[in-house]
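Below: one structure, written as structure tokens.
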């Protein structure tokens, strides 16, 4: 289920990028007055503004919903242990040597 949603998320992200790149900016109206606006008739008499704007808005809503769903699904999959929970400090054993009176200097 998670993998299917992740693939759909990526596809919608790429389509959303494409729709945003296709849209004309606010300064594109000047070029349309010199004859470059004839390409808008592909999407109907109202131009591509309404079609592209609505499709972009719908894709954005689906993108955000999928983001929330994927975030919710992946929030419980982490390890509950920290990195420092299983650290063990090695104990150094000091060899014990029996003390003789002859080993101690100054004791005769």
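In our numbering, the protein residues as written are 959 to 1066. C-beta atoms are modelled at their ideal positions from N, C-alpha and C, and glycine is treated no differently. Because the structure is a prediction, the values reported are computed rather than measured.
In this structure, residue 1031 lies away from residue 967, with their beta-carbon atoms at least 9 angstroms apart.
Annotation for residue 1028: 960, 963, 964, 967 place their beta carbon closer than 8 angstroms to its own, counting only its chain and skipping 5 residues before and after. Shown here, residue 961 sits in a helix according to DSSP, grouped into three states. Taken atom to atom, the span from the alpha-carbon of residue 1051 to that of residue 1044 is near 21 angstroms. Distance from the CA atom of residue 971 to the CA atom of residue 1026, rounded to whole angstroms, is 14 angstroms.
In the structure shown, the three-state DSSP call for residue 1029 is helix.
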